[in-house]
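Protein chains in written order, with the working numbering: chain F, 379 to 792; chain U, 379 to 792.
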């Protein structure tokens, strides 16, 4: 794209729960911004918008370019993240005045924010506020969320790497849990409070026969009696049973299974420690009296850069790069997203811009028609959707047999 | 080695908890046995010694050699495992008579057993029984245990891959848990009921600054008050704290922390579900009132073949190969093990034979002098010991972005 001249500095900030590839997006922004002659200085906000409010800006121009390249293969938010929810500017503009003050101080004319729904909301509000007060600043959102729940875009950077890790781990656990002639029931808990994309990714493990027997997503109400009956049936047929379950499953009344008081089945009847997997394991143990193991994939699924998808890394980098290119061409108030084709020619991903206002605070869930009628598995539609995204292996370099993560110098602007 | 002629068939069996590379050892046995002209048929016992007792023997000669090679990169026990404890032959020789019957039926003259302490005990008893009744059968143990607690050998096949996975995951979790400006305490639970080798491996993550602040092993008694004080001190100094803890930590009276009734700190005072990590997290939460997360690495650490150590794969394969070579040369009643040198010339591993009688039922623990005086970390001695073992990446092939595990035909002998 041609550049529509606006000379000034740029800020990139990261927000929300990190992923294995959020730094790849940041690198896309940083590298492209450093190469632009219209961008005078590239700042990394320390802990997202909080770093802007605190005027804690790290000068990316001061970093070794070779070290910066390791961002492609370093999990978590290298610039620091936050969970700060910014007010509506029409109700309280204190934060916005401060942001504008910092923007003016450093002549910030480009603002890139890398995160999920809330971050796109922040982006949108800052974009609107700048326009309202007549301060020219181009604001572009760079998507990130392992939850894959952003509206508009085909999928979200970060999802595919988590999906690849989940499918790989499920394959390994499936092998491990079938090793004894005495059967085993294994319940694996995946992240996803409202959307079941990550848990659905467990189904990819079934492509070579090592997948879960049962999958439960938050898109459908959970019924404990039906769950016990499902597990019992599979166990009696096969001699073992592997279950993938989303942390966000809930009863028909909307209450989370993970937070509900346990029923009488465990003999105590009070809230327990341990996650959903441990809770369901105790229910099954009480109901069927067989060997049961609960496994919570926990943080591991969102930071496993050693098992990242090369496709995800590349697309994440490109979203950062395209964000800067869009801003340089004069665009503001948009989020970079993907439009993808999956047909006989394979998988093709193109980059598009979505209105921040449309994206912010809208959750995209797994289509109900991609869940089997009995609510305990996903259809081939999901496999066709997800499989192209996990292709390719990371080229993360190793030192002493361990990942070589980035170490930033973190030189702060005065 | 030259062969001392004994013509007959061979059995390879796997036993105990699986690992990421136990199949690499099995492949070493199977490939070498298939190539020997003195070994007429190679059988895989279905579920270890139980498969022998049930006369369920899979003919390895019937498998596609190319498929068998995938054993190098497939986790868990592809032949099936068991936890069957065989009686002392002087007290009850029922099982031994049956084993001899099956051995005679298939003219089994070579028996290889792939497992941990108990398996070496089984090996030893079968070896002695065969000698006693005058049935010539050469019996060799092939070590396996992620716990790394076998006596004699420098280390055990399977340990290094689990160690590499643990160190890698700890590095990733360390990055993830430092992402917010609001601090976080993260407690990661590793396997190891009596020996702390796996938990100690978390220290490798510290080589590039992403290691745990505190490490607790079962070799030292655990003191909850000291633990809380340690965590508090680190958290106040750094603003966050990462802890690696062995599932087997116990109080001075020997009772496991994971099994103890919880103290009053959680307000209930009764046994809880969830593992040790969740339990310690609740104690810290109650004591310090900060954000705490407990993570249990669970089965993942013993089956993560996608993150296996190439050194471990090679050494595991070699132990199987050397076991067959030793048997063919006339040796019986031994276990293959490693003698290693670590000096200015690097790391060198040679293969030795150990007496099964010495190995069986003796546990090797982390030397107390490798634990820091205050009992909450390990010394550089451990790093020097462990680091060479995790070198090199697996060459596991992928299909559709996922591991390509072995699928055996499983043709059973009549």
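The C-beta atom is built at its ideal place from N, Cα and C for all residues, glycine as well.
Excluding five sequence neighbours on each side, which residues of the same chain lie with their C-beta closer than 6 Å to the C-beta of residue i?
{"i": "residue 728/F", "result": "717"}
{"i": "residue 384/F", "result": "487"}
{"i": "residue 670/U", "result": "563, 659, 662, 663"}
{"i": "residue 484/U", "result": "387"}
{"i": "residue 592/U", "result": "608, 621, 754"}
{"i": "residue 602/F", "result": "none"}
{"i": "residue 495/U", "result": "739"}
{"i": "residue 634/F", "result": "628"}
Would residue i pass as a contact of residue j if the rule is Cβ separation under 8 Å?
{"i": "residue 573/F", "j": "residue 499/F", "result": "no"}
{"i": "residue 698/U", "j": "residue 420/U", "result": "no"}
{"i": "residue 636/F", "j": "residue 654/F", "result": "yes"}
{"i": "residue 389/U", "j": "residue 598/U", "result": "no"}
{"i": "residue 695/F", "j": "residue 406/F", "result": "yes"}
{"i": "residue 535/U", "j": "residue 690/U", "result": "yes"}
{"i": "residue 387/F", "j": "residue 734/F", "result": "no"}
{"i": "residue 684/U", "j": "residue 596/U", "result": "no"}
{"i": "residue 772/U", "j": "residue 686/U", "result": "yes"}
{"i": "residue 456/F", "j": "residue 789/F", "result": "no"}
{"i": "residue 702/U", "j": "residue 509/U", "result": "no"}
{"i": "residue 632/F", "j": "residue 570/F", "result": "no"}
{"i": "residue 837/U", "j": "residue 480/F", "result": "Nothing about residue 837/U can be read from this structure; chain U reaches only from 379 to 792."}
{"i": "residue 680/F", "j": "residue 540/F", "result": "yes"}
{"i": "residue 517/F", "j": "residue 710/F", "result": "yes"}
{"i": "residue 497/U", "j": "residue 393/U", "result": "yes"}
{"i": "residue 737/F", "j": "residue 529/F", "result": "yes"}
{"i": "residue 795/U", "j": "residue 451/U", "result": "No answer is possible for residue 795/U: the residues shown for chain U start at 379 and end at 792."}
{"i": "residue 682/F", "j": "residue 594/F", "result": "no"}
{"i": "residue 678/F", "j": "residue 624/U", "result": "no"}
Strictly by DSSP, which residues pair up with residue i?
{"i": "residue 781/U", "result": "776/U"}
{"i": "residue 390/F", "result": "422/F, 490/F"}
{"i": "residue 725/F", "result": "720/F"}
{"i": "residue 733/U", "result": "712/U"}
{"i": "residue 592/F", "result": "621/F"}
{"i": "residue 628/F", "result": "634/F"}
{"i": "residue 766/F", "result": "In the DSSP output, where bridge partners are listed per residue, residue 766/F has none listed."}
{"i": "residue 564/U", "result": "620/U, 671/U"}
{"i": "residue 516/F", "result": "488/F"}
{"i": "residue 528/U", "result": "741/U"}
{"i": "residue 771/U", "result": "687/U"}
{"i": "residue 555/F", "result": "Answer is none; residue 555/F lacks a bridge partner."}
{"i": "residue 328/U", "result": "Outside the displayed span of chain U (379 to 792) sits residue 328/U, for which this structure offers no information."}
{"i": "residue 436/U", "result": "422/U, 790/U"}
Near residue i, what residues of its chain come up, given a Cβ to Cβ distance below 7 Å and the 5 sequence neighbours on each side ignored?
{"i": "residue 545/U", "result": "579, 580, 582, 583, 768"}
{"i": "residue 700/F", "result": "714, 729"}
{"i": "residue 538/U", "result": "687, 689, 690, 767, 768"}
{"i": "residue 779/F", "result": "none"}
Take the Cβ of residue i as the centre, count every other Cβ of all protein chains shown within 10 Å, and call the residue buried at 16 or more, exposed below.
{"i": "residue 719/U", "result": "exposed"}
{"i": "residue 401/F", "result": "buried"}
{"i": "residue 726/U", "result": "exposed"}
{"i": "residue 754/F", "result": "buried"}
{"i": "residue 512/U", "result": "exposed"}
{"i": "residue 611/U", "result": "exposed"}
{"i": "residue 555/U", "result": "buried"}
{"i": "residue 453/F", "result": "buried"}
{"i": "residue 705/F", "result": "buried"}
{"i": "residue 629/F", "result": "exposed"}
{"i": "residue 466/F", "result": "exposed"}
{"i": "residue 523/U", "result": "buried"}
{"i": "residue 645/F", "result": "For residue 645/F, the predicted structure reports a pLDDT of 37, less than 50, and the residue's modelled location is therefore unreliable. A value from the coordinates is still provided. Residue 645/F should be labelled exposed."}
{"i": "residue 472/F", "result": "exposed"}
{"i": "residue 649/U", "result": "Its pLDDT being 41, under 50, residue 649/U is placed unreliably in this model, and the value from its coordinates should be taken loosely. Looking at its Cβ environment, which holds fewer than 16 other Cβ atoms inside 10 Å, residue 649/U is exposed."}
{"i": "residue 532/F", "result": "buried"}
Excluding sequence positions up to five away, which residues of its chain have a Cβ less than 8 Å from the Cβ of residue i?
{"i": "residue 766/F", "result": "689, 718, 720, 724, 725"}
{"i": "residue 613/U", "result": "561, 563, 619, 666, 668"}
{"i": "residue 482/F", "result": "513"}
Taking three-plus beta-carbon pairs below 8 Å as touching, is the region 549-557 of chain U in contact with the region 733-752 of chain U?
no
Contact between the region 416-428 of chain U and the region 476-491 of chain U: three or more CB pairs below 8 Å?
yes
When the Cβ atoms of the region 750-764 of chain F are set against those of the region 432-447 of chain F, are three or more pairs found closer than 8 Å?
no
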